[in-house]
Amino acid sequence: MASYNTSDFRKGLKVQIDGDPYLMIEFNFVKPGKGQALYKCKLRNLTRNTVLDRTYKSGDSLEAADIEEIAAQYLYRQGDTFVFMHNENYEQYELPKEVVDEAWKYIKEGMVCSALLFDNNPIGITPPNHVVLRVEYCEPGAKGNTATNVTKPVKLETGAEIHCPSFVEMGELIRIDTRTGEYIERVKE
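Residues in the sequence shown are numbered consecutively from 2, following our numbering.
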């Protein structure tokens, strides 16, 4: 198994500690007046979403995590389980609601997402950065409210609710940034 020396440490590194996959989300190099250099790291557990603070001395090493990122197509939802299919070998993965987390708001059947696999088991799903979804329901906008940034809640075809400008109508397609959950623009059919 590959390992990373402290000189290889950087933000975004995927490592394995005590059998669990971690993502290095923060990394600081500290050189005290005398003594060994220190590497202060913040690591996020990719399965439990907890954050761990660790300090390493120069010369320490961490095991590389066996994480693979694949393209997976969202097939359907069955209760609290979401079913995805690997685009190359057609293997199907069932992800519980806890693993899908907030991504359910932006995925619809047939959409290709990015899935993280650890030891060939799915541990996370990321929808595309921008998605186009249909507005299922919203209150009609008041006439004349176009000069200010007036927003209203709208319900999307996935069941999620976001805030949009008051000129958005029912049945329209809108583009959404999945990283922030914000409205970007209306889309012509």
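Heads up, the beta-carbon is just placed ideally off N, CA and C, and yes, glycines get one too.
In this structure Val52 is exposed. Its beta-carbon is surrounded by fewer than 16 other beta-carbon atoms within 10 angstroms.
Residue state for Glu110 is assigned as coil, using DSSP reduced to three classes. By the 16-neighbour rule on beta-carbons within 10 angstroms, Thr159 is buried. The segment 71-84 makes no contact with the segment 18-26: fewer than 3 CB pairs, one atom from each, lie closer than 8 Å. According to the DSSP secondary-structure assignment, Lys43 is paired through a beta bridge with Glu27 and Asp54.
Looking from the CA of Gly182, the closest CA among Asn130, Leu39, Val151 and Glu173 belongs to Asn130. Note on the segment 84-144: whole beta strand (DSSP E) runs with a minimum of 3 residues are 93-97, 113-119, 122-127 and 131-139, in chain order.
When beta bridges are read from the DSSP output, Asn6 appears opposite Ser62. Per the coordinates, the alpha-carbon of Ser167 lies some 5 Å from the alpha-carbon of Thr152.
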